[in-house]
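Colleague: Numbering (this note's numbering), first residue to last: -7 to 152. The following block contains the structure, expressed as structure tokens.
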Amino acid sequence: MKTKVCWGVVYDDGHVFIDSRNRSQTDAAGTIEQGRGKAKTIQLKVAENKLRSPTASALLHVWCQQLSGFTGNDVITQKAELKIHFGYPILRDNPEMWPKLKKLFVGAQWQKIQWPEKIEMSELIPCTSIMTTAELKLMMENIKDWAMNTHNVTLDNGKR
-7 MKTKVCWGVV YDDGHVFIDS RNRSQTDAAG TIEQGRGKAK TIQLKVAENK LRSPTASALL
53 HVWCQQLSGF TGNDVITQKA ELKIHFGYPI LRDNPEMWPK LKKLFVGAQW QKIQWPEKIE
113 MSELIPCTSI MTTAELKLMM ENIKDWAMNT HNVTLDNGKR
């Protein structure tokens, strides 16, 4: 994920103004609105997330339907299992994302809850929606390999 640094302004009333064109503290100070109250400048690191194509995002859902026929799971359970086994481990390797997600896992006492509760919790903890294109691609490759090695199922890449 590509990041860039910019400056913003936080007012005492909680209002925040961020302009990615502010490249210095002086630029940000110049945007302070008079009469709004006290304000301070803050430095921000902004992540540019590449959007995935709708096809790339939808393919996982198609695979969940296909795999549920082989695993005996319903589609929702299948999606949850794929997130748990293949998605979260990839996000754990992301130094920018994992500290934020770790709080959710610790708060949910992930290590202590039983499998059915993990399936339910996975609906609440984001996975693919916060992945980069490269992370989603890796997850999909791992799922494809697992499907072949475990169930002798070939998942297509959705291209025709």
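Ideal placement from N, C-alpha and C gives every residue a C-beta, glycine not left out.
1. Distance check for residue 3 and residue 75, CA to CA, integer angstroms please.
2. Assign residue -2 to one of three DSSP states: helix, strand, or coil.
3. Can you confirm whether the segment 136 to 147 touches the segment 95 to 115 when touching is taken to mean that 3 or more C-beta pairs between the two stretches lie within less than 8 Å?
4. Given a threshold of 16 other Cβ atoms within 10 Å of its Cβ, counted over all protein chains shown, does residue 62 qualify as buried or as exposed?
5. Using the three-state DSSP reduction, which class does residue 152 fall into: helix, strand or coil?
6. Any idea what DSSP makes of residue 21, helix, strand or coil?
7. List the endpoints of the continuous alpha helix (DSSP H) containing residue 122.
8. Between which two residues does the beta strand (DSSP E) harbouring residue 9 extend?
9. Does the Cβ of residue 95 have 16 or more other Cβ atoms within 10 Å, making it buried, or fewer, making it exposed?
10. Please classify residue 72 as buried or exposed, where buried requires at least 16 neighbouring CB atoms within 10 angstroms.
11. So, for residue 10: in the same chain, excluding its five sequence neighbours on each side, which residues have a beta-carbon less than 6 Å away from its beta-carbon?
12. What does a CB cutoff of less than 8 Å around residue 8 pick up in its chain, not counting 5 residues either side in sequence?
13. Can you grab the Cα-Cα spacing for the pair residue 152 / residue 86, in whole Å?
Modeller: On the basis of the supplied data:
1. Each residue's alpha carbon lies about 39 Å from the other.
2. In the three-state DSSP reduction, residue -2 falls in the strand class (E or B).
3. no
4. exposed
5. Its pLDDT being 45, under 50, residue 152 is placed unreliably in this model, and the value from its coordinates should be taken loosely. The answer is coil: DSSP assigns residue 152 none of H, G, I, E or B.
6. When DSSP states are grouped into helix, strand and coil, residue 21 belongs to the helix group.
7. Where residue 122 is concerned, there is no enclosing alpha helix (DSSP H), given that its DSSP letter is neither H nor E.
8. 8 to 10
9. exposed
10. When all chains shown are included, residue 72 counts as buried.
11. 0
12. If we look at residue 8 and ignore the five residues flanking it on each side, its Cβ neighbours are 0, 1 and 2.
13. Low local confidence applies: a pLDDT of 45 at residue 152 is under 50, so the model's placement there is unreliable, with the coordinate-based value given in what follows. Taking C-alpha positions only, residue 152 is separated from residue 86 by approximately 32 Å.
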